[in-house]
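What follows is a set of notes on a single structure, which appears directly below.
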């Protein structure tokens with residue numbers, strides 16, 4: 008509960024400018040640093056923001072859930088720092104369309120949000136080698152890979168492999184079957200999507 012609330016807070020902060028935009032004020036444009044013990048000025052691109060300083064309780068007792076949140080945020084921050092230290096990744100995360108959102112913040116958010124497998128389309132899958140299984144997978148930034156596993160009605164693994172991304176629509180992936188399966192009824196297809204921070208999202212489809 009606390010963890011989900013924390014994630015929602017982070018997402019809302021990274022999606023929007025939660026701080027007041029004071030760029031039009033010539034007295035503070037481009038300012039950085041604290042003003043007393045109440046406010047802090049931050050500059051993002053050509054915009055200047057003012058925000059209240061967080062309240063810190065020095066003697067507060069940290070609960071196990073709060074410690075989990077702190078550790079998660081530390082891991083996310085570590086990933087974001089590594090991402091922006093890589094020139095290629097930094098350029099990818101620095102989407103010009105996301106105004107006021109830094110590459111660091113986008114990488115941080117990417118770490119906190121797993122990809123989602125929205126659909127497994129087995130309409131063209133016949134059980135024969137070479138027939139396709141199509142997958143729709145999305146992520147807040149980028150789906151890095153989609154793997155497919157096919158299990159028999161008794162739960163035995165029949166085959167597994169990587170799907171190929173559509174070169175135009177990067178949310179669409181296709182897996183080409185490797186083996187012939189004589190009895191499809193009761194078989195299960197599992198699709199696992201992975202993003203750059205290696206978060207995973209899974210969907211399963213039971214064949215009739």
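Residue numbers (our numbering): 8 to 215. Yeah, the Cβ is synthetic: ideal placement off N, Cα and C, and Gly gets one too. Everything numeric in this text was worked out from a predicted model, so none of it was measured.
Span separating the alpha-carbon of residue i from that of residue j
i, j, result
"residue 135", "residue 109", "47 Å"
"residue 197", "residue 133", "16 Å"
"residue 177", "residue 150", "8 Å"
"residue 121", "residue 147", "8 Å"
"residue 213", "residue 170", "19 Å"
"residue 101", "residue 90", "11 Å"
"residue 209", "residue 65", "41 Å"
"residue 141", "residue 99", "26 Å"
"residue 85", "residue 92", "11 Å"
"residue 73", "residue 81", "12 Å"
"residue 77", "residue 71", "10 Å"
"residue 67", "residue 79", "19 Å"
"residue 211", "residue 166", "15 Å"
"residue 3", "residue 69", "The structure shown does not extend to residue 3, since the chain is modelled only from 8 to 215, so the question has no answer here."
"residue 94", "residue 195", "41 Å"
Presumed contact (8 Å Cβ cut-off) between residue i and residue j, rounded CB distance
i, j, result
"residue 199", "residue 154", "5 Å"
"residue 117", "residue 215", "Actually they do not touch by this definition, with Cβ atoms about 37 Å apart."
"residue 168", "residue 185", "6 Å"
Beta-carbon proximity list for residue i, same chain, < 7 Å, skipping 5 on both sides
i, result
"residue 125", "143, 144 and 145"
"residue 164", "156 and 158"
"residue 83", "115, 118 and 119"
Beta-carbon contacts of residue i that lie in its chain and below 6 Å, excluding the five residues immediately before and after
i, result
"residue 87", "111, 114 and 115"
"residue 97", "91 and 110"
Beta-bridge partners of residue i, as assigned by DSSP
i, result
"residue 212", "196"
"residue 202", "150"
"residue 134", "The partner list for residue 134 (beta bridge, DSSP) is empty, contrary to what the question assumes."
"residue 140", "182"
"residue 207", "201"
"residue 102", "Residue 102 is not bridged to any residue."
"residue 158", "164 and 195"
Member of the options whose CA lies at the smallest distance from the CA of residue i
i, options, result
"residue 188", "169, 73 and 159", "159"
"residue 191", "202, 131 and 119", "131"
"residue 207", "123, 97 and 99", "123"
"residue 152", "73, 97 and 201", "201"
"residue 193", "175, 183 and 162", "162"
"residue 128", "68, 183, 70 and 71", "183"
8 Å CB neighbourhood of residue i in its chain, flanking five on each side removed
i, result
"residue 173", "179, 180 and 181"
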